[in-house]
Amino acid sequence: MATMYSGDRYLSVSEVDDLCAAIAARLPGWASWTQIGASREGRPIGLLTLGRRDAETDHRPAVWLDGGTHASEWAGVMACAFAASAWADGLEAEDPELVRWFSSHTVFVVPCISPDGMAALMAGAPYLRSVLRRAPDGTPASGLTSTDVDGDGRVRQMRWFHASGPFVPDEQEPLLVRRRTLDDPPERACFVAPEGLFEDWDGHRWTAAPRAYPLDLNRNFPARWAPFRMFGMEGGPYPLSEPESRTVVEAVHARPGISAAITFHTYTGAILTQPYAAGSPLGDDDTQLMLQLASAMAAGTGYRTIKVHPDFQYDPKQPIVGVWADTLATTFGVPGYTVEVWDPYGHAGAPVADPARFFVEADQDVLRAFARAHRGGDGAAPWRPFDHPQLGPVEIGGIDPTFTLYNPPPSLLRGELEKTLRMCDRLRASVPRLTATVEAVPLGDGWEEVTLVLESTGYLPTSATFHAERAGLVPPIVARFDADPGAVVRGPVAHTLGHLDGWAGQHGLRGHPMYADLGARGHRAVARWLVRGGGTVRWRCARAGSGALRVAAGTFARVLR
Ligand SMILES: [Zn+2]
0 MATMYSGDRY LSVSEVDDLC AAIAARLPGW ASWTQIGASR EGRPIGLLTL
50 GRRDAETDHR PAVWLDGGTH ASEWAGVMAC AFAASAWADG LEAEDPELVR
100 WFSSHTVFVV PCISPDGMAA LMAGAPYLRS VLRRAPDGTP ASGLTSTDVD
150 GDGRVRQMRW FHASGPFVPD EQEPLLVRRR TLDDPPERAC FVAPEGLFED
200 WDGHRWTAAP RAYPLDLNRN FPARWAPFRM FGMEGGPYPL SEPESRTVVE
250 AVHARPGISA AITFHTYTGA ILTQPYAAGS PLGDDDTQLM LQLASAMAAG
300 TGYRTIKVHP DFQYDPKQPI VGVWADTLAT TFGVPGYTVE VWDPYGHAGA
350 PVADPARFFV EADQDVLRAF ARAHRGGDGA APWRPFDHPQ LGPVEIGGID
400 PTFTLYNPPP SLLRGELEKT LRMCDRLRAS VPRLTATVEA VPLGDGWEEV
450 TLVLESTGYL PTSATFHAER AGLVPPIVAR FDADPGAVVR GPVAHTLGHL
500 DGWAGQHGLR GHPMYADLGA RGHRAVARWL VRGGGTVRWR CARAGSGALR
550 VAAGTFARVL R
């Protein structure tokens with residue numbers, strides 16, 4: 000059977016939609032593709048649901064994947080498409096592990112949260128962060144605006160020599176400039192900016208125009224939202240002001256079985272984990288649990304795990320707010336990770352120790368290694384003289400970040416997607432899980448003692464995070480005995496059983512191989528009923544699964560859901 004998407008090239012937004020529609024058409028018993036929202040420009044935002052199709056599909060323990068929050072981060076969209084395609088291929092081939100897992104679990108995939116942004120960039124638009132939301136009315140627009148001036152179809156870098164310039168050409172790497180020093184002669188100095196034209200120009204001042212589309216969707220989510228500005232970008236006028244962020248938040252809220260999540264971005268080659276801030280509502284238990292799972296997902300992929308606070312801060316004085324992965328963890332209590340696909344500097348043999356700081360404190364040697372890795376390739380263009388209509392003689396060239404920095408070159412895409420698929424498979428393996436046994440002991444006179452033992456056998460606790468349980472974000476496990484007509488139950492019909500530990504939740508001394516001990520809560524819950532006549536034992540846990548067992552005069556028929 001043909002692989003639906005082999006990861007050998009980048010798909011467009013509409014090709015990703017077509018792929019998902021094709022998966023749903025080929026596997027009607029396992030997949031559906033539905034529109035859950037629309038972008039600012041009216042493009043559909045689609046959700047692929049993978050799991051055995053019946054009335055319970057949307058209520059089973061589930062994993063959430065998404066990509067495309069940021070317009071230039073195409074490899075993240077491809078990670079969603081590749082995982083969905085690989086699982087669909089496996090289900091079609093009746094792979095026993097996948098058939099078993101997807102019969103009792105569901106994966107929800109929104110491959111592209113912001114289709115407008117990705118479609119615009121793929122059509123050659125100048126860099127934009129997320130969505131086509133213009134800067135607020137009244138924002139001054141004058142200054143240099145990036146656009147393809149020389150008509151080669153790409154927006155590259157532009158440089159021109161002037162005694163006031165802050166850069167000089169790098170002597171060691173012709174594709175690069177470096178920062179000017181006091182020892183550099185003024186005739187080597189140059190200005191560097193994105194290829195572009197000055198709008199509303201007075202003919203003299205060389206300034207940058209504000210970004211045309213400054214909104215960063217990943218600062219627009221509810222977690223610790225506050226007005227935010229950095230790198231000329233902002234988080235919107237209020238949380239969830241954008242149709243794209245609203246769509247995914249409502250979609251997760253409507254699917255209470257979601258118990259683990261990845262939102263794919265690029266680049267760094269890292270899994271970002273909690274905490275996101277010093278005052279995170281998550282406790283040490285969840286922080287450790289999430290780090291442990293992130294490390295397990297990263298194993299063998301070469302990816303790093305990085306705690307956002309304090310290890311992934313662009314500016315230690317300005318915390319990043321309104322982030323989707325933080326919202327998943329703190330608002331919904333779901334272990335949700337940002338995975339930053341592709342490590343461009345590591346690939347060039349010069350890994351960066353502090354990737355967030357590297358945005359503000361670049362290391363020229365790392366940049367030289369990076370430029371060397373792409374010299375002569377499609378992503379690099381030697382500086383060429385060009386007669387700019389406003390500036391006169393300039394040079395246009397340098398490194399195009401699209402398939403060098405932001406995304407792996409197409410030839411390396413598949414290798415990267417095989418790593419992200421491994422992460423997704425491990426995330427699937429982590430979800431909470433409940434198994435049940437029922438026993439009935441005859442007490443005489445037609446009475447029986449019915450005992451339900453629920454056992455948490457999954458990696459994560461049945462609440463997915465401890466925070467979800469403490470903050471009441473997920474209801475407790477409930478078990479009930481529904482008596483047949485004419486049957487009698489003595490005592491309460493329903494028992495509230497709280498939540499149970501997963502096997503990964505053992506921290507501190509108890510989880511230390513030398514000082515190992517049992518947890519205070521344990522992994523089993525017990526409910527008992529005194530009954531006369533038959534009935535059905537039912538249990539429900541939003542994130543670990545629900546089920547029912549028929550009890551009829553000491554004999555049981557298993558009716559698992
Ligand atoms: Zn991103």
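For the sequence shown, numbering that gives the first Met the number 0 begins at 0 and goes up steadily by one.
Ideal Cβ positions, reconstructed from N, Cα and C, are used throughout, including at glycine.
For the beta strand (DSSP E) that residue i lies in, which residues bound it at each end?
i	result
Ile44	43-49
Leu64	61-65
Trp382	379-387
Val157	For clarity, residue 157 is Met in the given sequence; the question names Val instead. Here the beta strand (DSSP E) through Met157 covers 156-160.
Pro168	166-168
Ala260	257-265
Gly348	Segment: none, Gly348 is in no beta strand (DSSP E) and carries neither H nor E.
Val333	No beta strand (DSSP E) holds Val333; DSSP gives it neither H nor E.
Arg178	176-178
Gly142	142-145
Val550	546-551
So residue i is in the alpha helix (DSSP H); what residue range does that whole segment cover?
i	result
Ala288	As written in the sequence, residue 288 is Leu, which differs from the Ala given in the question. Where Leu288 is concerned, the enclosing alpha helix (DSSP H) stretches over 283-297.
Cys423	409-428
Gln363	363-373
Cys19	12-25
Ala119	114-121
Thr246	242-252
Val307	307-310
His506	Unbroken run through His506: none, as it is neither H nor E.
Tyr302	Neither: Tyr302 is in no alpha helix (DSSP H) and is coded neither H nor E.
Ala355	354-357
Ala467	465-469
Looking at residue j and residue i, is the spacing between their C-beta atoms short of 7 Å?
i	j	result
Leu26	Val106	no
Pro213	Ala134	yes
Arg531	Gly445	yes
Leu174	Gly378	no
Pro110	Val15	yes
Pro139	Ser38	no
Trp323	Phe220	yes
Thr265	Arg421	no
Ala260	Thr326	no
Gly164	Ala208	no
Val108	Ala83	yes
Asp88	Thr146	no
Val365	Tyr344	yes
Ser31	Ala20	no
Asp285	His466	yes
Ile35	Ala250	yes
Arg158	Glu394	yes
If you drop the 5 nearest sequence neighbours on each side, which residues of the same chain put their C-beta closer than 7 Å to that of residue i?
i	result
Ala78	Gly66, Phe263, Val340, Leu416, Thr419
Gln505	Gly518
Trp73	Tyr9, Met117, Asn406
Trp100	Arg427
Phe555	No answer about Phe555 holds up, because its pLDDT of 44 lies below 50 and its placement is not dependable.
Ala225	Val320
Met0	At Met0 the pLDDT is 49, less than 50, meaning the model places this residue with poor confidence; the figure from the coordinates comes in the next sentence. Answer for Met0: Asp88, Glu91, Ala92, listed in chain order.
Quick one: what's got a C-beta closer than 8 Å to residue i's C-beta in the same chain, skipping five residues either side?
i	result
Pro409	Asp7, Arg8, Tyr9, Phe402
Ile476	Leu433, Leu453, Thr461, Thr495, Leu496, Gly497, His498, Leu499, Ala524, Trp538, Arg539, Cys540, Ala543
Arg557	Reliability fails at Arg557, whose pLDDT of 39 lies under 50, so the model's placement of it is uncertain and the value that follows must be treated cautiously. Around Arg557: Leu548, Arg549.
Asp516	Leu508, Arg509
Could you name the residues that DSSP lists as bridge partners for residue i?
i	result
Ala92	Paired residues: none, contrary to the question.
Ile319	Ile319 pairs with nothing; no bridge assigned.
Gly391	His387
Asp481	Thr535
Pro193	Gln156
Phe107	Thr48, Trp63
Gly497	Ile476
Gln34	Gly45
Thr436	Val452
Leu529	Glu448, Arg489
Val340	Thr265
Gly163	A small fix is needed here, since residue 163 is Ser in this sequence, not Gly. DSSP, once it has assigned bridges, lists no residue as partnering Ser163.
Arg228	Glu233
Pro238	Partner(s): none; Pro238 has no beta bridge.
Looking only at its chain, what residues have a beta carbon closer than 6 Å to the beta carbon of residue i, apart from the 5 residues adjacent to it on each side?
i	result
Leu559	Residue confidence is low: Leu559 scores 36 on pLDDT, short of 50, so the model does not pin down where it sits. Its coordinate-derived value is still stated next. For Leu559, where only same-chain residues beyond five positions count, the Cβ hits under 6 Å are Gly546.
Glu172	Arg367, Ala370
Arg303	Ala269
Phe569	Any property of residue 569 remains undetermined from this structure, which presents the chain solely from 0 to 560.
Met289	Thr272, Gln273, Pro334
* Nearest-residue set for ligand 1, Cβ under 7 Å from any heavy atom -> In chain order, the hits are Thr68, His69, Glu72, Asn217, His264, Thr265.
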